[in-house]
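Student: The structure follows.
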Amino acid sequence: MQVPLYQAKAEFFRMLGHPVRIRVLELLQGGPVAVRDLLAEIEIEPSSLSQQLAVLRRSGIVVSIREGSTVSYALAGGDVAELLRAARRILTELLAGQNELLAELRQADPPLPLPRVTPDGRATDSVSGLRFPSGAS
Numbered sequence: 057m058q059v060p061l062y063q064a065k066a067e068f069f070r071m072l073g074h075p076v077r078i079r080v081l082e083l084l085q086g087g088p089v090a091v092r093d094l095l096a097e098i099e100i101e102p103s104s105l106s107q108q109l110a111v112l113r114r115s116g117i118v119v120s121i122r123e124g125s126t127v128s129y130a131l132a133g134g135d136v137a138e139l140l141r142a143a144r145r146i147l148t149e150l151l152a153g154q155n156e157l158l159a160e161l162r163q164a165d166p167p168l169p170l171p172r173v174t175p176d177g178r179a180t181d182s183v184s185g186l187r188f189p190s191g192a193s
């Protein structure tokens, strides 16, 4: 029985759904990177990096390259780099929209003034000057 396309896509995105895997893919966009350099850049335990690289390798989106005792990884194709660029564009648009909304909220509802504290430790209303009992605000 063949897996429906939407399910295959969901499994693909689930495979990408780990921060270390995304970071590895970002680092590989510039070309092959030795495992020791990935470890230095990502700063995780070697066994954890090895597990994440194995997931990426089994999925077919990265390939390993052995040169003597050095093992490097590279993207299997340019489509992954394009997917990461698309994700960056989408996130940029989402965050820009959130910043615009935040600016609108700040303009529409200015923050309330904070109570002032008198030298004797009592809070006063900064607008009316009324004093509150000690410990209340």
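In the working numbering, the protein residues as written are 57 to 193. Glycine included, every Cβ here is placed at the ideal spot set by N, Cα and C.
#1: Which of the three DSSP states, helix, strand or coil, is assigned to residue 193?
#2: Can you tell me whether residue 156 is helix, strand or coil according to DSSP?
#3: Which residue comes first and which comes last in the beta strand (DSSP E) that contains residue 131?
#4: List the whole-angstrom C-beta distance separating residue 89 from residue 128, where the pair is believed to meet the contact cut-off of C-beta under 8 Å.
#5: Of the residues 92, 58, 82, which one's Cα is nearest the Cα of residue 139?
#6: Just the C-alpha distance for residue 160 and residue 153, rounded to the nearest angstrom, thanks.
#7: Starting from residue 122, trace the beta strand (DSSP E) in both directions and tell me its first and last residue.
#8: What number of angstroms, rounded off, separates the C-alpha of residue 164 from the C-alpha of residue 67?
Tutor: Let me lay it out:
#1: In this prediction, residue 193 scores a pLDDT of 49, lower than 50, which makes its location untrustworthy; the coordinate-derived value is nonetheless stated afterwards. Looking at residue 193 - three-state DSSP - the assignment turns out to be coil, as it is neither helix nor strand.
#2: helix
#3: Run containing residue 131: 126 to 131, per the beta strand (DSSP E) assignment.
#4: 6 Å
#5: Checked all of 92, 58, 82; the closest Cα to residue 139 is 82.
#6: 11 Å
#7: Start and end: 118 to 123.
#8: Going by the C-alpha atoms only, they are around 43 Å apart.
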